[in-house]
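There are 2 protein chains.
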Amino acid sequence: MVPHLPAQDRTAGAPRRGRPGYDLPSVLAVAVELFNERGYDGTSMRDLAGRLGIAKSAIYHHVTGKEELLSLALDRALSGLSAVLARTRALDGPAITRLEHLIRGSVDVLEAELPYVTLLLRVRGNTEVERAALERRRAFDRFAAELVQAAARDGDIRPDADALVTARLLFGLVNSIVEWYRPSRRADDGSLGDAVCALAFDGLRTRKGPDSVMATGPAVTAAPGGPVRSARPAGPDQ
Amino acid sequence: MVPHLPAQDRTAGAPRRGRPGYDLPSVLAVAVELFNERGYDGTSMRDLAGRLGIAKSAIYHHVTGKEELLSLALDRALSGLSAVLARTRALDGPAITRLEHLIRGSVDVLEAELPYVTLLLRVRGNTEVERAALERRRAFDRFAAELVQAAARDGDIRPDADALVTARLLFGLVNSIVEWYRPSRRADDGSLGDAVCALAFDGLRTRKGPDSVMATGPAVTAAPGGPVRSARPAGPDQ
């Protein structure tokens, strides 16, 4: 329904062979939209040409085929995540601080690159491009599990938390956001990264001890009563 | 690769029109396996007959068609979740305790009915059966958001936690488990429900105040050193 998305400048390393109408980032954005709607396997170059309203040959002006579009799209998600990983590695400080930086940064990338990260999370390893993307995700998860383990050794994470299960739950929490988050539907101005980190690191439960992480404001500032009527399923509706 | 799964007795309300070879729960189990592998839309009755190694007519002995299989499968996941919801509604006690009961119960159903819940979470509302399932999930999520709001009013949940975002994150955390959890691969004996509730309600960070929820054991009991090598991506690999 939105055949021509605005061009985006951040398709890292993408050549910009100019042609009136669509540049490569625009073609890529529409391709990713279709891949997410119908699945990569279920989308043909003919479908893409139809959605764009141009001839297939005009797409081949930009890329060699569907797999190059997939590769460019996955690279865009992964390069965002890799930058977060590199920044986290370079960070001084205890493991728990670095872990929190990694999680918050991942949420930020997910928000900024939602369709690309959504596609990345659906990749199942059916092609060489997909397997390479999975391998890069795996390195990311390994690093997170190492940080969990280091933070547990430092005594900053509950010692009963299994490092692997914890790393999976943390990324499960982050990744689940693609199922419901829509930028235009954000009801509040709070940072999603803050909400995720507050839940994951400090928990929902109010802390009542003197070392409480709670600010010393009024005990309850939540909106008053009444059932919540607008909740949607955690997955997309319709 | 496992053409004949063991018969299961808990397909609620499923008629058991006997026929040698496969009973309805076995047919259903194989159908759900295929739906999860190839998608519901991408699976034909011919595919199912092929996997079962029987004629299509033998399947029609049990059900009227593919949509009845979907309906039975979704009912199985939803009836487990509905039972948790009913038990939570009947529970006395503060909202936060009931919310924790709801989350822990949802994880238990997910573990017990993994393929059925996986299918439920992938439903996108393309048919009447799918839309009815989404509506039942929605009621579940509304109830969770109401509990979050009530617990915030009680002062038991951080007042800065947005009720809707929190409910979505909680179910995102629970639902993400289907992406990596495989019963046979469980490395430890801890309850997954405990791990989820500990993370969501108390957070990963060690509590050092006198009201700490930590047991007074040794500060660090995590396995000693070395990088974690076996971490897999949060999504299924391969």
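One line per chain: the protein sequences are L and R, in this order.
Heads up, the first sequence stops at 244 in the working numbering, and the numbers go up one at a time, no gaps.
Heads up, the second sequence stops at 244 in the working numbering, and the numbers go up one at a time, no gaps.
Note that the Cβ used here is the ideal one computed from N, Cα and C, for glycine as well.
Query: Buried or exposed (CB count within 10 angstroms, at least 16 for buried), Pro121 (chain R); Result: buried
Query: Under 8 Å (Cβ pairs) to chain L, residues found in the segment 163–175 of chain R; Result: Ile163, Arg164, Pro165, Asp166, Ala167, Asp168, Ala169, Leu170, Val171, Thr172, Ala173, Arg174 and Leu175
Query: is_contact[Leu87 (chain R), chain L] using C-beta, thresh 8 Å; Result: no
Query: Alpha carbon of Asp81 (chain R) to alpha carbon of Leu140 (chain R), nearest angstrom; Result: 11 Å
Query: Outcome for Thr70 (chain R) when other beta-carbon atoms lying within 10 angstroms are tallied against a minimum of 16; Result: exposed
Query: Beta-carbon proximity check, Ala6 (chain R) vs Leu97 (chain R), cutoff 8 Å; Result: Residue 6 (chain R) is absent from the structure shown; chain R starts at 7 and stops at 244.
Query: Nearest candidate by alpha-carbon position, reference Pro165 (chain R), set L:Gly199, L:Leu205 and L:Tyr66; Result: L:Leu205
Query: Secondary structure of Ile109 (chain R), DSSP reduced to three states; Result: helix
Query: Same chain, Cβ closer than 6 Å to Ser218 (chain R), neighbours up to 5 away in sequence not counted; Result: Caution applies to Ser218 (chain R), whose pLDDT of 42 falls short of 50 and renders its modelled position unreliable; the model cannot decide the point.
Query: Thr222 (chain L) in three-state terms, based on DSSP; Result: Low confidence applies here, because Thr222 (chain L) scores a pLDDT of 34, under 50, leaving its location unreliable and the question unanswered by this model.
Query: Backbone CA spacing between Arg95 (chain R) and Leu170 (chain R) [nearest angstrom]; Result: 19 Å
Query: Cβ pair count under 8 Å reaching 3, the segment 36–50 of chain R against the segment 120–134 of chain R; Result: yes
Query: Buried or exposed (CB count within 10 angstroms, at least 16 for buried), Pro189 (chain R); Result: exposed
Query: Residue range of the alpha helix (DSSP H) that includes Ile65 (chain R); Result: Lys62 to Tyr66
Query: Arg211 (chain R), DSSP secondary structure in three states; Result: strand
Query: C-beta neighbour in chain L for Val115 (chain R), strict 8 Å; Result: no
Query: Straight-line Cα distance separating Glu185 (chain L) from Leu54 (chain L); Result: 23 Å
Query: Under 9 Å from the C-beta of Ile183 (chain R): neighbouring residues of chain L; Result: Arg174, Leu175 and Gly178
Query: Chain L contact for Thr212 (chain R) (CB, 8 Å cutoff); Result: yes
Query: Euclidean distance between Cα positions of Tyr66 (chain L) and Phe41 (chain L); Result: 17 Å
Query: Buried/exposed call for Gly27 (chain R), threshold 16 Cβ in 10 Å; Result: exposed
Query: Range of the contiguous alpha helix (DSSP H) that encloses Ser85 (chain L); Result: Lys72 to Ala96
Query: Whether Arg110 (chain R) touches Gly199 (chain R) by CB criterion (8 Å); Result: yes
Query: Closer than 8 Å to chain R by CB, Val202 (chain L); Result: yes
Query: Arg211 (chain L) beta carbon less than 8 Å from that of Asp163 (chain R); Result: Just to set this straight, residue 163 (chain R) is Ile in the shown sequence, not Asp. Yes. Within cutoff.
Query: Cα-Cα separation between Arg159 (chain L) and Ala173 (chain L), rounded to whole angstroms; Result: 15 Å
Query: Under 9 Å (Cβ pairs) to chain R, residues found in the segment 38–69 of chain L; Result: Gly45, Asp47 and Gly48
Query: C-alpha gap between Thr222 (chain L) and Ala101 (chain R), whole angstroms; Result: Its pLDDT being 34, under 50, Thr222 (chain L) is placed unreliably by the model, and nothing is read from it.
Query: Val38 (chain R) beta carbon less than 8 Å from that of Ser112 (chain R); Result: no
Query: Short Cβ contact (8 Å threshold) for Ala83 (chain R) with Leu34 (chain R); Result: no
Query: Spatial distance of Thr103 (chain R) from Ala92 (chain R) (CA atoms); Result: 15 Å
Query: Min CB distance Ile109 (chain R) to chain L below 8 Å; Result: no
Query: Counterpart residues of Ile183 (chain R) in DSSP-defined beta bridges; Result: The partner list for Ile183 (chain R) (beta bridge, DSSP) is empty, contrary to what the question assumes.
Query: CB contact check: Leu84 (chain L) to chain R, cutoff 8 Å; Result: no
Query: Own chain partners of Ala240 (chain L) with C-beta closer than 8 Å, once the 5 adjacent residues on each side are dropped; Result: Bear in mind that a pLDDT of 44 at Ala240 (chain L), under 50, signals an unreliable position, so the model cannot answer this.
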